[in-house]
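To start, the structure under review is shown below, and the notes come after it.
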Amino acid sequence: MDDCIFCKIVEGKIPATKIYEDDKVISFLDIMPANKGHCLIVPKNHSPTLVEMHEEDLTATVKAVKKIARALSLSFGNASFNMVMNNGKEAGQIVNHAHIHLIPRFQKDRLRLKWSHLKYEGEEMNDYAGRIKKFIE
Ligand code: 5GP
Ligand code: ZN
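Sequential numbering of the sequence shown, starting at 1189, is according to my numbering.
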C-alpha cells in the first residue's frame, strides 16, 4: 500500500529499530512506547485489521509474538507483558496495517490498561451470545 507507514518500513523506505524479521513478519520498537521495550509485530502483507489477514500471515505473526514475548521476558528479567491489538478506529487503531503490540510490564509501572465493568440485564447476555454465534462460520 502506497500510503502505509508500516508497508514503507517493511520495504525499508523508512527506518525502524528492527528486532526480528522473517519472510512473513517484521518486528521493531514502537517509536512512542507505552513502556520502554514496547514492540510492534507486523505481518509484511498489508491487511487493514485482523479480520482480513490470511491464515498463514496470522500463524506467522502469532509465532513471532511468542518468540518476541519470550525474548522480552528474558531480556528484562520479567515475565509480564500485555499483548494488545487495536482493530478499527473505535478500538484506537491509528496505523491501518494490522499489527500486534507487545508491552513489557514492570513492578509499579504507571501503565493502566484497565476498563470499568458493565452489567448485563435480564436476557441480554444470552441475546448478545446469540447475535455473535449466528455469524461464526
Ligand atoms: P495503533 O494505535 O494503530 O495500534 O498503534 C500504532 C503504533 O505505531 C503507535 O503506538 C505508534 O507509536 C506506532 N508508530 C506510528 N508510526 C510509527 C513509525 O513510523 N515508527 C515506529 N517505530 N512506530 C510507529
Ligand atoms: Zn501497510
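Where is the CB? At the ideal position from N, CA and C, for every residue including glycine.
- Leu1246 is the residue among Asp1190, Asn1223, Leu1246 whose C-alpha sits nearest the C-alpha of Ile1214.
- Exclusion of Gly1310 from the 6 Å shell around the ligand 5GP follows from its C-beta lying no nearer than that to any non-hydrogen atom of the ligand.
- At the C-beta level, Asn1270 and Ile1256 stay beyond 7 Å of one another.
- Taking non-hydrogen atoms of the ligand 5GP into account, the C-beta of Gln1281 is found less than 6 Å away from one of them.
- Counting the other Cβ atoms within 10 Å of the Cβ of Pro1231 gives 16 or more, which makes it buried.
- CA-to-CA, the gap between Ile1320 and Phe1194 works out to about 31 Å.
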